[in-house]
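**Q**
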Amino acid sequence: MRIAVIGGGIVGSLIARELTRYTADVLLFEKEPDIGWGVTKANSAIVHGGFHETPGTKRASFCVEGNMLYEGLSRELDVPFKRIGAYVVALSDDELPTLQELYEQGLQNGVPGLEMHDRETVLAREPHLNPSVIAGLWSPSVGITEPWSLAIAAVENATHNGLDLHVAEGVTSISVVDAHVKQVITEKSAYEVDAVVNAAGLFSDRVAEMVGLSEPILFPRRGEYALLDKKIGRVVSSVIFPTPDALSKGILVVPTIDGGILLGPTAEDLSAGKKEATETTRVGVHQAIEGARRLVPDLDLSLVAKTFAGLRPETPDKQFVVGRTSITGFLQAAGMRSPGLTAAPAVARYLVHDVMKQDLGLNKKGNFDPIRQGIRSVLDLMGENADALIEKDPRYGQVICQCNQVTEGEIVEAIHRGARTLDGVKFRTRAGFGRCQGGFCTDKILMILARELDLSPSSITLRGGESDLLDGVVRR
Ligand SMILES: Cc1cc2nc3c(=O)[nH]c(=O)nc-3n(C[C@H](O)[C@H](O)[C@H](O)COP(=O)(O)OP(=O)(O)OC[C@H]3O[C@@H](n4cnc5c(N)ncnc54)[C@H](O)[C@@H]3O)c2cc1C
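Using my numbering, the first residue of the sequence shown is number 771, and each one after it goes up by one.
1) Could you tell me if the beta carbon of residue 833 falls within a distance shorter than 8 Å of some heavy atom in ligand 1?
2) Sorry if obvious, but does the Cβ on residue 941 come closer than 8 Å to a heavy atom of ligand 1?
3) What residue from 1207, 1099, 858 has the CA that sits closest to residue 909's CA?
4) Please state the DSSP three-state secondary structure of residue 1100.
5) Would residue 926 be called buried (16 or more neighbouring beta carbons within 10 Å of its own) or exposed?
6) Can you name, in chain order, every residue of its own chain whose Cβ lies under 7 Å from the Cβ of residue 1135, other than the five neighbours on each side?
7) Could you tell me whether any non-hydrogen atom of ligand 1 is closer than 8 Å to the CB of residue 897?
8) Specify the secondary structure class of residue 1231 as computed by DSSP and reduced to three states.
9) Can you tell me whether residue 828 sits near ligand 1, meaning its C-beta is under 8 Å from at least one heavy atom of the ligand?
10) Skipping 5 residues on each side, what residues in its chain have a beta carbon closer than 6 Å to that of residue 1144?
11) Taking Cβ to Cβ, would you say residue 1044 is nearer than 9 Å to residue 938?
12) Of the choices 777, 1076, 1157, whose alpha-carbon is the least far from that of residue 1208?
13) Could you name the residues of the same chain whose beta carbon sits closer than 8 Å to that of residue 1057, not counting the 5 residues immediately before and after it, in chain order?
14) Give me the Cα-Cα distance between residue 989 and residue 1096, rounded to the nearest whole angstrom.
15) Just curious, the beta strand (DSSP E) that residue 945 is in, first and last residue?
16) State the DSSP-derived secondary structure class of residue 1021, mapped to helix, strand or coil.
17) What is the DSSP secondary structure of residue 1084, counted as helix, strand or coil?
18) For residue 1024, which option in 845, 1236, 963, 855 has the closest C-alpha, if you only look at C-alpha atoms?
19) On the DSSP letters alone, give me the boundaries of the alpha helix (DSSP H) that residue 1166 sits inside.
20) To the nearest whole angstrom, what separates the beta carbons of residue 1099 and residue 966, a pair I think is in contact under 8 Å?
21) Rounded to whole angstroms, what is the Cα-Cα separation between residue 901 and residue 957?
22) Answer yes or no: the CB of residue 1005 versus the heavy atoms of ligand 1, is any distance below 8 Å?
23) Using DSSP bridges, identify the partner residues of residue 1177.
24) Any chance you could list the alpha helix (DSSP H) runs of at least 4 consecutive residues sitting entirely within the region 946 to 1025, in chain order?
25) Leaving aside the five residues before and after residue 1014 along the sequence, list all residues of the same chain whose C-beta is less than 6 Å from its C-beta, in chain order.
26) Heavy atom of ligand 1 less than 8 Å from the Cβ of residue 1040, yes or no?
In structure tokens:
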């Protein structure tokens, strides 16, 4: 039995990992040179509670179940996850009915621990909030994580359990005979398969077309952000939502897992062809900042370290497309718009254990190992442990990224685990993610990559393709 998963975002990565619990041969194809570089790379990183979702929909049930799976998953895969809770705040009387609707919706969806708080309680817990706040809906199950780290960790663990990983290998077509999938054809080769899972994010409509399914066209809804450096401290300790609007959950103030504060996202519909339009705009970033300041007025904007944008894969009916199709062996986990990050563990479970296990007659492996150990961060180790590590390997005493205190030892480990580009190192170690955004460490990381991979420095790229970092030799 051979199963191909298309797409190494959070959804495809978790599906691939679930599949490696069974005796099938599992292949994962990702067109980018690394895991988690699609929608998974740029979002709010919130593990949502589920009160925003319409009761009775797949989005609601997968979101609430996915949220509950995060604790175990993050423990098994050694990925950061914190249940910090969230407030949805009403800043005027006309927003109060929406707060009440979200509360009741949350109760129907089975979201645990929801409470309505008055102004005094909200301000006592979050003193930097806009003093005009009238009330807040408190949801303690909301969490934050690092989405790309979870995708990378899931793939590392799956590979340990037998996954055949193909990065930088986009799927170009799929052959179907008598309404059964037969072959996956990539930029490099062709593979006989018994089943295919379409987890291609924004491009999942194009993959569905490869088997002749005319899925609704996915259109990108751009969300722009400004990220404040961790020097800002905890101006808020939970995720702060406004009341939602017709397009999105609104512009938020979100503590990030490594201590920064994220402002955004905006919501701007783009045409279906603009699936790579992740550039930021002056208007968008301004909107993100002003929207956030409406919730938390005294944000120190001199600490903006980075702006970026993500593209939500929107479906016309706002629903996920998950499950079987009219083509035997072709399954979908497509149109995974927000809260797709939250829902992903539940979607993976459902597709693999409730659908594919039966349809394909999959048998459990006796030796599946669910545990993966992350790269040890010297910064997080306590004194003696750090000393012991440095004694064993002095490269762990050599700090390369000053902002995030990432050592040469960690960068080398990231490369040995699959990083081939500067971004590959950055997303595995946070080197280059700090206040200077790589201004002081890019050259050093580049030279370590070249040395470890035995390549010339000029062949090291930012993120593969034509993203060259060096143009030529100035002086020998
Ligand atoms: C602005 C914004 C904010 C969000 N905030 C949240 C949030 O806070 N919480 C939450 O739960 N959700 C959030 N989401 C939604 C969440 O990010 C997505 O639902 C999730 O990341 C989708 O993951 P995915 O694996 O489906 O897609 P992707 O991460 O895009 O993965 C799909 C992969 O398929 C690859 N691919 C495409 N075509 C091919 C091909 N032909 N061959 C091989 N590979 C291919 C792509 O390169 C990509 O890596 C947000 C989204 C955005 C944009």
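For glycine and all other residues, C-beta sits at the position ideal for the given N, C-alpha and C.
Note that this is a predicted model, so its numbers are computed, not measured.
**A** The relevant details are as follows:
1) yes
2) yes
3) 858
4) strand
5) buried
6) 791, 792, 793
7) no
8) strand
9) no
10) 848
11) no
12) 1076
13) 994, 1021, 1036
14) 23 Å
15) 941 to 947
16) coil
17) strand
18) 855
19) Careful: residue 1166 lies outside any alpha helix (DSSP H) and carries neither H nor E.
20) 6 Å
21) 56 Å
22) no
23) 1169
24) 974 to 980
25) 1020
26) no
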